[in-house]
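Contents: one structure, followed by commentary.
In the numbering used here, the protein residues as written are 1 to 945.
Written out as structure tokens, the structure is:
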């Protein structure tokens with residue numbers, strides 16, 4: 001009994017002398033304002049209005065007291081409450097506050113967005129309600145400077161200021177202070193373990209370098225998503241969306257999206273909440289059947305390698321096959337001369353036959369919030385998040401994340417001027433698999449590569465002897481070699497497919513195995529209540545990785561890979577000149593396991609001009625750096641036609657492969673086999689581009705071909721650096737919100753990939769000597785040429801830095817104002833370009849992947865008439881080049897229009913919305929290799945939003 005009473009006291013607290021205040025909040029047209037904040041002045045008791053604008057607030061404060069009522073887009077009003085159980089009806093006047101909202105991310109302290117020292121974008125509850133996109137996360141694309149890279153319907157990657165693929169390791173996403181990045185992949189998986197749209201309180205976006213405050217990963221932008229507190233946003237909320245997707249390749253298919261939120265403050269000491277969301281849809285079919293590297297090539301080409309066709313990566317020189325058959329006595333001597341001296345690839349399988357094309361996401365999270373003193377002086381939070389789903393991720397290959405699972409757990413102590421938090425992120429690859437290796441190894445289930453290519457060569461020779469031309473002979477050869485091929489949909493194909501995707505051995509399977517973890521802690525303290533002459537903050541962080549891919553992706557087959565990094569920072573903020581001038585200076589030091597420490601300073605000035613201080617000019621300079629990711633350092637991933645290999649010192653020898661050598665190769669190597677490792681890749685290799693050029697010319701002019709070979713001089717990867725300059729202007733002028741910014745970035749030691757070829761024998765040299773026919777080959781350079789001619793080499797994709805300085809610049813203009821009553825018009829334009837002298841580093845791809853011109857416009861009115869609103873948004877981008885490890889190409893310009901209408905039902909505390917994305921527009925790409933994006937149509941019902 002005593003224990004029970006103690007527990008009741010701990011979780012119930014003192015409950016006497018409470019006053020209950022009820023009321024409603026409306027605008028000047030007597031329409032309800034949902035989501036308005038109601039706070040007792042001088043206390044931390046608070047509540048939010050529900051859908052019909054009503055609120056109920058319980059407080060222990062003594063009467064009389066005052067409450068402050070605020071809402072985005074309206075004035076703030078303070079009301080006096082003098083009697084117990086008083087009902088308060090508040091009318092708020094409209095106020096243009098888009099640039100007067102409070103943000104935290106830019107300086108780690110609350111400040112008006114007008115006074116932010118850097119460019120920042122914000123989305124709040126009202127903007128989420130207005131969005132015409134199928135989800136709030138999709139709606140982020142309508143923010144200034146945001147370009148989405150859509151790999152899958154359930155996997156969208158945010159790109160700000162360029163240099164981003166689907167795997168955007170230069171961008172950081174925090175949800176309630178937790179980094180959402182995958183421990184293994186080092187980048188954010190969209191909103192897979194993010195936040196439910198009915199639990200979002202605010203979203204803040206910093207599109208530029210933020211390393212000075214947030215560390216090395218916040219190199220080209222950072223997104224902050226903050227969820228609602230159960231102390232101020234209570235009750236049960238839910239939504240249900242049903243709609244259809246339309247795509248020429250996939251047809252019309254249904255999709256579902258459901259979410260529910262429970263939140264309750266038991267008293268001022270304890271509150272809790274829980275969220276559940278579920279989304280299911282048919283993914284955009286990826287059906288790009290162009291050849292990866294050669295324009296205008298289709299399946300009739302013998303060496304076809306389709307973008308969304310897998311298994312055709314298995315390719316070899318068919319004359320070389322004939323020569324081996326001669327050596328084995330299987331064809332007459334000299335018959336190999338009837339074969340073309342060119343490569344032939346196996347027949348592949350389309351991506352749509354190697355996946356169920358399902359996009360899905362399930363998220364569950366809960367949190368417990370305790371306030372030992374009954375207010376915000378100290379809040380203790382335990383939060384757990386779980387996310388699982390299906391999506392397609394595109395890196396060097398295309399990967400189907402099937403039942404991929406992530407979890408996060410956080411313990412945080414926070415108060416008015418400080419926070420201390422620690423969290424872990426864990427993941428499980430589930431039943432994920434590599435679709436390229438699925439195609440390769442399904443092919444090998446019905447016929448091994450040697451047999452297939454041998455049959456191809458034999459049939460080609462027979463066809464040629466029968467008088468066929470090359471095209472006819474190739475067709476006969478492929479038909480003969482494909483005899484017995486497992487066709488999609490057959491029992492034999494399904495059986496082979498299931499065996500392959502459940503086998504993690506890259507030689508026979510394609511399953512991706514991952515049980516990696518990340519542990520992170522950080523703290524911050526603001527001395528503003530202790531030091532008065534300026535606002536000073538200090539903080540720091542520590543992160544530890546535990547990589548565990550069981551040898552499938554990283555070189556961790558025999559033991560886990562442990563890697564850590566830490567950092568500390570300080571910031572000073574001071575106002576001068578009658579508080580019109582604000583100076584902010586910060587400095588951060590970061591150190592990681594394999595690299596020297598780096599300092600990241602940031603300096604900024606903001607000047608508020610005009611009588612009302614509403615003309616705000618800003619300028620900032622900062623240096624940032626990005627440590628190589630765990631992939632850059634520790635990957636050892638066989639992707640079939642190459643090996644992705646990181647350059648950490650202890651990684652180079654941990655990855656090795658053993659290859660059998662030909663009789664000639666054994667003569668030069670002095671051994672029947674050759675063990676290849678990272679030292680060969682980084683220290684004895686040719687640039688892959690020079691090998692391609694050599695192969696193209698070797699048949700007609702071998703001397704000139706040899707002169708084209710260039711030795712690779714790849715250095716081990718090291719931190720990437722940026723110097724970022726930014727200026728801007730923000731104002732509210734005669735009812736128009738204006739935001740103008742410009743930036744200029746200088747990148748050094750830019751991290752990227754380099755494709756090389758390392759021979760099994762010989763030494764890579766610039767323009768090596770040709771071997772002399774009939775004479776022993778003793779020259780090491782000539783021996784390497786013989787290795788290339790014999791096909792005895794390994795291709796690698798290395799992680800390294802470019803020696804060439806890269807520059808990027810851009811500017812943006814954002815305008816918004818109310819026109820004709822409550823109609824609100826928004827318009828923004830962004831320009832972006834980069835400068836890289838390709839001639840100085842011809843094998844390096846910068847991967848800017850950003851349109852030079854982007855225009856976005858929106859028009860809406862959430863008070864068109866009683867309880868009825870609408871919003872239309874449109875965006876256009878110019879044509880741009882896409883570069884990635886998987887495929888390069890041109891992404892055409894696109895115009896996309898989204899629209900929604902919504903109707904509120906106050907009696908049911910509900911909003912009904914009808915919407916559509918890409919209305920009447922053409923299907924468009926955002927990623928070469930992913931599916932074309934079609935149209936989405938949906939209806940949603942949200943209760944107690």
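By construction, the Cβ of each residue, glycine as well, lies at the ideal position given by its N, Cα and C atoms.
- Spatial neighbours of residue 901 in its own chain (CB-CB distance under 6 Å, excluding positions within 5 residues in sequence) are listed in chain order as 870 and 914.
- Excluding its 5 nearest sequence neighbours in each direction, residue 401 has C-beta neighbours in its own chain below 6 Å: 391, 393 and 432, listed in chain order.
- If only complete runs of 3 or more residues are kept, the stretch 779-862 shows the beta strand (DSSP E) at 793-801, 806-819 and 823-835, in order along the chain.
- Among the bridge pairs identified by DSSP, residue 423 is matched with 410 and 520.
- In the three-state reduction of the DSSP assignment, residue 571 falls in the strand class.
- Going by DSSP, residue 470 is part of no beta strand (DSSP E) but of the alpha helix (DSSP H) stretching over 470-481.
- Of 198, 181 and 197, the smallest CA-CA separation from residue 190 is found for 181.
- By the neighbour-count definition (other C-beta atoms within 10 Å, threshold 16), residue 645 is a buried residue.
- Using a C-beta cut-off of 8 Å, the stretch 517-533 makes no contact with the stretch 611-624, since fewer than three inter-stretch Cβ pairs fall below that distance.
- Taking the CA atoms as reference points, residue 570 sits about 6 Å from residue 586.
- Nearest neighbour of residue 786 by Cα position, chosen from 69, 691, 62 and 360, turns out to be 691.
- Inside the stretch 541-614, DSSP marks whole beta strand (DSSP E) runs of 3 or more residues at positions 561-576, 581-592 and 595-609, from first to last along the chain.
- For residue 284, there is no enclosing beta strand (DSSP E), since its DSSP letter is neither H nor E.
- By the Cβ-count criterion, residue 63 is exposed, with fewer than 16 other Cβ atoms from all chains shown falling within 10 Å of its own Cβ.
- The residue from 773, 702 and 791 with its alpha-carbon nearest to that of residue 767 is 702.
- Restricted to the stretch 111-148, the alpha helix (DSSP H) segments that are unbroken, complete and at least 4 residues in length are 125-130 and 136-139, listed in chain order.
- Beta-carbon to beta-carbon, residue 335 and residue 322 are separated by about 7 Å, close enough to satisfy the 8 Å threshold.
- The continuous alpha helix (DSSP H) containing residue 445 extends over residues 435-446.
- Under the three-state reduction of DSSP output, residue 341 falls in the coil class, being neither helix nor strand.
- Under the 10 Å beta carbon count, residue 679 is surrounded by fewer than 16 other beta carbons and is classified as exposed.
- Taking the Cβ atoms as the reference, residue 753 lies roughly 6 Å from residue 799, within the contact range of under 8 Å.
- Secondary structure of residue 620 (DSSP, three-state): strand.
- Between residue 152 and residue 457 the beta-carbon gap is near 39 Å, outside 8 Å, which marks them as no contact.
- Under DSSP, residue 894 takes part in a beta bridge, and its partners are 877.
- As computed with DSSP, residue 170 is found in no beta bridge at all.
- With distances taken between CA atoms, residue 657 lies nearest to 793 out of 50, 793 and 381.
- Per the DSSP secondary-structure output, residue 240 pairs in a beta bridge with 258 and 941.
- Residue pairing for residue 68: DSSP places it in a beta bridge opposite 39 and 78.
- Note on geometry: alpha-carbon atoms of residue 757 and residue 788 lie some 9 Å from one another.
- Under the 10 Å beta carbon count, residue 803 is surrounded by fewer than 16 other beta carbons and is classified as exposed.
- When only Cα atoms are considered, residue 881 and residue 508 end up about 35 Å apart.
- Here the alpha carbon of residue 536 sits roughly 51 Å from the alpha carbon of residue 923.
- Nearest to residue 905 by alpha-carbon distance, out of 892, 897, 931 and 868, is 868.
- Our two residues, residue 795 and residue 256, have alpha carbons roughly 44 Å apart in a direct line.
- In the three-state reduction of the DSSP assignment, residue 500 falls in the helix class.
- DSSP places residue 675 inside the beta strand (DSSP E), whose first and last residues are 673-677.
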